[in-house]
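Undergrad: Quick one: the structure is below, questions incoming.
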Amino acid sequence: MKLAGTVTLPAPPSEVWSLLTDAPRLSRLLPGCEQLEPDGPDRYKAAVKFGIAAISGKYAGTLEFAEKKPPHSLILKLDGKGLPGFVKGEGRIELTPKGDTTEIAYTGEAHVGGLIASVGQRMLDAAARKIVQQFFDSAKAELESTKGAAAEPNSPVKAHRKGN
Amino acid sequence: MTTRYIGKPLKRKEDPRLIQGISHYVDDLNLAGMHYAAFLRSPHAHANIRSVDLSKARHASGVVLALSGADIDGAIQPVPCAAQIPDMKSAARPVLARDRVRFVGEAVAVVVASDRYAARDALDLIEVDYEPLTPIVNPEKAIAKGATPLHAGHKDNVAFKWELEGGDLKAAFKSADKVIRQRLVNQRLIPVPIETRGVIADYQPGEGQLTVWSATQIPHLLRTQIASMLNFPETLVRVVAPEVGGGFGSKLNVYPEEALVAYLAIQLGKPVKWSESRRENFQATIHGRDQIDDVEVAVKRDGSILGLRCHVIADLGAYYQLLTPLIPTLTGLMMTGCYKIPAARMEITGVFTNKMATDAYRGAGRPEATYLIERVMDLVAAELKKDPVEVRRKNFPQPNDFPYATPTGLIYDSGDYEKALDMALKVADYKKLRQEQAKLRKEGRYMGIGVSTYVEICGMGPSSAMPAGGWESATVRVEPTGRVSVMTGSSPHGQGQETTFAQMGADVLGIDPSQFQVVHGDTSIVPYGIGTFGSRATAVGGTAVYKSLLKVKEKLAHIAAHLVGSDPERMVFADGKISAKESPKKSVAFGQAVSAAYVAKTLPADMEPGLEATTFFEPSNFTYPFGTHICVVEIDREIGDVKLVRYVAVDDCGNVLNPLLVEGQVQGGIVQSVGQALFEEAVYDEQGQLITGELMDYALPHASDLCWIETARTVTPTPVNPLGVKGVGEAGTIGATPALAGAVADALAPFGVHHVDMPFKREKIWQLMRKSSGRVQ
Amino acid sequence: MIPASFEYHAPKTLDEALRLVERHGDEAKLLAGGHSLLPLMKLRLAAPRYVIDIGHLRGMSYIREENGQIAIGALTTHSEIEHSELLAAKCPLLPQTAAQIGDVQVRNRGTIGGSLAHADPGGDYPAAILALDAEIIAANTSGTRTIPARDFFVDMLTTQLHPGEILTQIRIAPRPPQSGTAYEKLHQPASGFAIVGVAANVLLGNGRKAIERAAIGITGLAAKAFRAEAVERALNGKTISDKVIEDASRNAAQGVEPLSDLHASGEYRREMARVFTRRAIARAIEAARGVSRGGV
């Protein structure tokens, strides 16, 4: 499964960079992230609950940063497993300044195995896209709220989830 | 013998109980104190197992036993493979993976609990530490240089190479006017019987008796194999195949669960049941087909075929099942189809990949052969701009050529291929179809006509050509009340032999079919037999029944003649009486003669009491049914949808015991072919995940996808057995796929397309038409 | 195929059911026909703690006229909709759609409320509901609210329904004279779900020569069903011709990101949306003309 796209975030690359590479803040962007703890340099233990409507599952695994070139690009590696199967993915994120904002170009590939791979075909692509969209929506919200309320840089931002 | 019942469309004796849901499949059986097994299966296609932690599962509520591969090391032999090819490498499937898993769905651990919910819940508590390895999914990449071997000790992923050559191939290709080459892919299929597999095992420690109920096509072979795998006395093993809800070859096998559930029952001293889920059935019950054929044909300008050469890559999956390596060799044997082709050569490379094993699936190697040769005939016709019918006709052997020896070493028993072809052309009104096609093309509508003339191998025997016995057994016992028990070594699971054997018995003994009880599937009741597969239950099993019936009849003739004072040779069996030809007064009721055999006071001198006969029948040759199928499709230009418009099938399976059942077999087989042609495909992604993992994504044909199937028959009896029957269980599947493929290619001819690989999914067809729409002729 | 354990409730009244969903919130799932929920549970993709079986609630399965509208109870089966004479006369699009859902067994068991609340991206009803501008009635313990169909579908498997709410009724305005409807579907051969399903609802004017108003609902193409407004704009007020219909249909996938899966790529889905939109519009026009010729 391949994912690619661009998104514009309302802050300069340096700010976006610090958001994406700061574990506590990052954990709030990841949909369903329940835990993100350091596990070595640029490596975190993660516990995530992914799901859409009634379909959901808990995954435990690692999140890793590689080839960090602040504030230009980095590679994000995910490796998790849970009862519904396992996910292994790698994505490259590039940050380009656009005025006061940052254009993010991402390309990635994820391998999904186990139950979700064998029975979830119909929904997988759309679900992955949705998760990416939620992630960047949250990033936007986080950056906007930081802008608006500089006094509370770490104010929790809920993932923007419609319905349900 | 008068044929009052043979050849008549009697309704199936089996159906009332099946339709009402009042008979018993494995999962319907429940024993007191029964426990339930559940298997943890690998989510990885290829991985080392670092550890399996069962501690939490073992402590879960209701769990009585949890075992990993390490726990049963050496206790259970791996899954047997009966097919032997010279120099083939070993690749035995362990009943539980020990150090490495090689396909998604391979069992890693088993849990037994007091109910099936607890067993399933406990699976979630097992922790397996896998070290994922690169999966090898594509068979061509698997044998490319540098590919890592799946199995330790192998230098590559080539399981075996097999060759067959007959005739002067060099000369054929040298004198050819044209050589046509094509790659053909026979995709991987999932058999999907309605009933998934299931096993119950019960062990009585006092008696040492092990009873195994399994959804199997081969109860006796399974009994022998369970005894071997567990090193358990075969005499104390009883295998029962109760109602079996379809097999299509997928239950012509021995599976890890069958031995393991038996082992668990012995360990626990409690009955243990395992019922396969549909998802498990998709992942861990054998698959079918999966061949890549590179074919070359040498032809003369007039359409005569001089030689055929083919290299097959057979994707065997990760391990051998019972007959895995044998299946593609059947393709080799049948590669010249129903044509006189003087020279042929087949090379097969069997390849290991990280997938479930392939094995016998309805037709088993022969649908691939028919597909291969029939596609070749169509390609030759297209290349030479000839009618596909004429190219076929040109190469047929004539009726007086039979028995006909093929360059692949087979001897076709009997045939009249042109007769079946002509009948099909007439029923379909082929000429008119071609006119209609021309007219529609002018309107921008794409109708295609496909023709397949096929021959296949049925009546699997003799033993010299089979991996484990090419004979069948039957015992006929006339009970003291005059009712007749027919114990057959065949193991019908939908074929209807309870009806046809009764019809046969009724005609031989002159009594009503309702007097017969055909007993099968229980190794403690029926004599050792081989089983039901390869369209053999009637041709081989039926002949054994017939011969036993004749033996019983002869004894009855002697008894009756003795009672009425006549000559045994002159006794006639009809209407429940045994009478002397010369005088209707010299007659005795059937039951009276039977009674005499048991009461044993009035028997002829030197005659043993009782009325029972057993026969082990081995045919001298296979049988070779044949026929012609014609298929008409129309393709929706905008969508790529292939719609079946007409289907005509003329099949010749020799003599027919019950035309209703033959009709059902033909129709069912054709529909299964429609499945392969239009819809079905087991798709593994590049990571070896089976992504068509459920019926949500693996498409089977629905009634609404079909058209009416028009059937007709020619009758060319076989000399191989006294009944003259050939077998019809797989004919539809073997004959139909190429007709469908031919029709689709024919419909697409205006787009410059002459071959499309199956399945003909809409988007694939749509893309083809779109790509070449500039070139529409 | 054994679900994780759950607590089963079979309320006897709607009020009781509403109290249960209020208490258990998103830990509860409602069971109606069960065709979507049970497979998910058997595969353990879904493991709700509470299953509230509303399948036996009385008085939630009906098709009737109410204050000039047609009201359909949430538990009405596809089969009942398919064979309803009232709907055939006043809202034929729903029977046309229902007849193309799954197979007979599915239609005998599945319910319109369950199907809409599940909001499967390949579900059939959403297209029809959108094209009809239907209203969806949702209840909770404090009352009911009305959700226009256009707002109802939020995303894949996600609707405007809140935890604690139960979809109770669908309301539709009866078909005006000179209107026609059609549902055209390309089904996924394994599951029967729509790869693309297009519901067209057209109102003719100018002596049946022009389209006064068109409403087009499309399902299967994207993560959620939607109204193809660009198609509608290209039709509204236009004199009917093959070209007008063809040109309008080209906008079917405008602005949507098509789904892509094993059965159909995004590219193919997009093209099929065009083809089936054209076919649906043409058939809806035919129906509108046929009906008016019949003498309303």
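Protein chains in written order, with the working numbering: chain G, 1 to 164; chain D, 165 to 941; chain L, 942 to 1237. Cβ atoms here follow ideal geometry from the backbone N, Cα and C, with glycine treated the same way. Predicted model only: the values in this text are computed from it and were never measured.
(1) Evaluate contact between the stretch 197-206 of chain D and the stretch 352-359 of chain D, counting only Cβ atoms and requiring at least three cross-stretch pairs below 8 angstroms.
(2) Suppose you measure from the CA of Glu1187/L to the CA of Lys603/D; what does that come to, to the nearest Å?
(3) Since Asp861/D meets chain L, which of its residues come closer than 8 angstroms, beta carbon to beta carbon?
(4) Does the separation of the CB atoms of Pro923/D and Ala841/D fall below 9 angstroms?
(5) Along chain D, which residues have their Cβ under 7 angstroms away from the Cβ of Val3/G?
(6) Out of Arg92/G, Pro24/G, Ala54/G and Ile52/G, state which residue places its alpha-carbon closest to the alpha-carbon of Ala46/G.
(7) Can you check which of these residues, Ile390/D, Arg473/D, Leu536/D and Thr517/D, is closest to Ile898/D by C-alpha distance?
(8) Opposite Trp438/D in the DSSP bridges: which residues?
(9) Taking the continuous alpha helix (DSSP H) assigned at Pro383/D, which residues delimit it?
(10) With a threshold of 16 other CB atoms inside 10 Å of the CB of Ile186/D, please say whether the residue is buried or exposed.
(11) Would Arg1224/L count as contacting chain D if we go by Cβ distances under 9 angstroms?
(12) If you check the beta carbons only, do Ala66/G and Lys58/G fall under 9 angstroms apart?
(13) Can you tell me which of Arg352/D, Arg934/D, Asn212/D and Ala323/D puts its alpha carbon nearest to the alpha carbon of Tyr294/D?
(14) Please determine, among Thr1099/L, Glu1006/L and Gly1105/L, the residue with the shortest C-alpha to C-alpha distance to Thr1085/L.
(15) So within the stretch 1054-1126 of chain L, which uninterrupted alpha helix (DSSP H) runs reach at least 4 residues, ignoring any that extend past its ends?
(16) Lys77/G lies in the beta strand (DSSP E); which residues open and close that run?
(17) Does the beta carbon of Leu548/D sit closer than 9 angstroms to a beta carbon anywhere in chain G?
(18) Under three-state DSSP, which class holds Met541/D?
(19) Could you give the uninterrupted runs of the beta strand (DSSP E) lying entirely in the stretch 664-710 of chain D, keeping only those of 3 residues or more?
(20) Where DSSP assigns a beta bridge to Gly471/D, which residues make up the other side?
(21) Ile456/D by DSSP, collapsed to three states: which one?
(22) Under the three-state reduction of DSSP, which class applies to Pro789/D: helix, strand or coil?
(23) Counting only beta-carbon atoms, is Val1172/L nearer than 9 angstroms to chain D?
(24) Beta carbon of Gly623/D, beta carbon of Arg700/D: below 9 angstroms?
(25) Which word fits Lys147/G, buried or exposed, when buried means at least 16 other C-beta atoms lie within 10 angstroms of its C-beta?
(26) If distances are taken between C-alpha atoms only, which option among Val672/D, Lys550/D and Pro914/D comes closest to Val648/D?
(27) Mind pulling the chain D residues with CB within less than 7 angstroms of Ala128/G?
(28) Do Ile249/D and Leu394/D have their C-beta atoms within less than 9 angstroms of each other?
(29) How far does the alpha helix (DSSP H) with Ser118/G in it reach, from first residue to last?
(30) Which residues in chain A have a C-beta closer than 8 angstroms to the C-beta of Tyr991/L? List them in chain order.
(31) If you reduce the DSSP assignment to three classes, tell me which class Ser657/D lands in.
(32) Counting C-beta neighbours from all protein chains within 10 Å, is the total for Ile834/D 16 or more, i.e. buried, or is it exposed?
(33) Against chain G, does Phe446/D count as a neighbour if the rule is that its beta carbon must be under 9 angstroms from one of theirs?
(34) For Thr101/G and Thr8/G, which I take to be in contact (beta-carbon distance under 8 angstroms), what is that distance rounded to the nearest angstrom?
(35) Out of Tyr862/D, His208/D and Gly916/D, which has the shortest C-alpha to C-alpha gap to Val119/G?
(36) For Leu260/D versus Ala271/D, is the C-beta distance shorter than 9 angstroms?
TA: On the basis of the coordinates in this document:
(1) no
(2) 26 angstroms
(3) Ala1131, Ser1132, Leu1203 and His1204
(4) yes
(5) What sits at residue 3/G in the sequence shown is Leu, not Val. In chain order: nothing, as chain D lies at least about 16 angstroms away.
(6) Pro24/G
(7) Leu536/D
(8) Val363/D
(9) Pro383 to Leu394
(10) exposed
(11) no
(12) Inclusion of Ala66/G and Lys58/G in the CB contact set at 9 angstroms is not warranted, their separation being larger than that value.
(13) Asn212/D
(14) If we check each option's Cα against that of Thr1085/L, Gly1105/L comes out closest.
(15) 1066-1072 and 1090-1093
(16) Ser73 to Gly82
(17) no
(18) helix
(19) 680-684
(20) Ala462/D and Ala507/D
(21) strand
(22) coil
(23) no
(24) yes
(25) exposed
(26) Val672/D
(27) Per Cβ cutoff of 7 angstroms: no residues; Ala128/G is ~14 angstroms from chain D at best.
(28) Going by C-beta atoms, Ile249/D is not nearer than 9 angstroms to Leu394/D.
(29) Leu115 to Val119
(30) You won't find chain A in this structure, because its protein chains are G, D and L.
(31) With the sequence shown as reference, residue 657/D is identified as His, and Ser is not the correct amino acid for it. It is coil, neither helix nor strand.
(32) Burial check for Ile834/D: the Cβ neighbour count within 10 Å reaches 16 or more, so the residue is buried.
(33) yes
(34) 5 angstroms
(35) Tyr862/D
(36) yes
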